[in-house]
Each structure stands twice: as C-alpha cells, then as structure tokens.
Amino acid sequence: GALLVAGLWTAPAAAGLILFLIVATPMFHNFWDHQGPDRAARINGFVGNVALAGGFMALIAQAA
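Numbering (the working numbering), first residue to last: 619 to 682.
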C-alpha cells in the first residue's frame, strides 16, 4: 500500500495486493456459510474487495 501512495513500483505493488485479496477475501468474507444480516455484511465485504481488485487492475493497466 505504501508503494502505491509513494508512486513507486505501482504495477508490482498493485499485483501483490490483488494476490492478497484473492487469498484473503474468501477466507474472511465467506458469505456462503452464513445467514441473515451476517450474510449481507459478508457479501458487502466480498463485493468491496472485488471492487478494490478492479481498481488495482486499473492501476496496473495505467502503469503499463
């Protein structure tokens, strides 16, 4: 994250964060195992992380 803020090694930093999100998102936002309001909260977290991954992909495309 600090590399992105500093504008250094933007593409590799964004790629590393995407890899982190790929691993962490299903572990911490496992909405398929929950019901009710807890499920909705986990879906929101899941979708938010997918949006972050999309933003990091846009940064990679811009850096290329």
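Backbone N, C-alpha and C fix where the C-beta goes; we use that ideal spot for every residue, glycine too.
Presumed contact (8 Å Cβ cut-off) between residue i and residue j, rounded CB distance
i: Phe674; j: Ala632; result: 4 Å
i: Thr643; j: Asn667; result: 4 Å
Reduced DSSP category for residue i - H, G, I as helix; E, B as strand; rest coil
i: Asn648; result: coil
i: Leu626; result: coil
i: Ala682; result: coil
i: Gly663; result: helix
i: Gly672; result: helix
i: Gly619; result: coil
Beta-carbon spacing of residue i, residue j below 8 Å
i: Gly663; j: His647; result: yes
i: Leu670; j: Leu626; result: no
i: Phe649; j: Ile636; result: no
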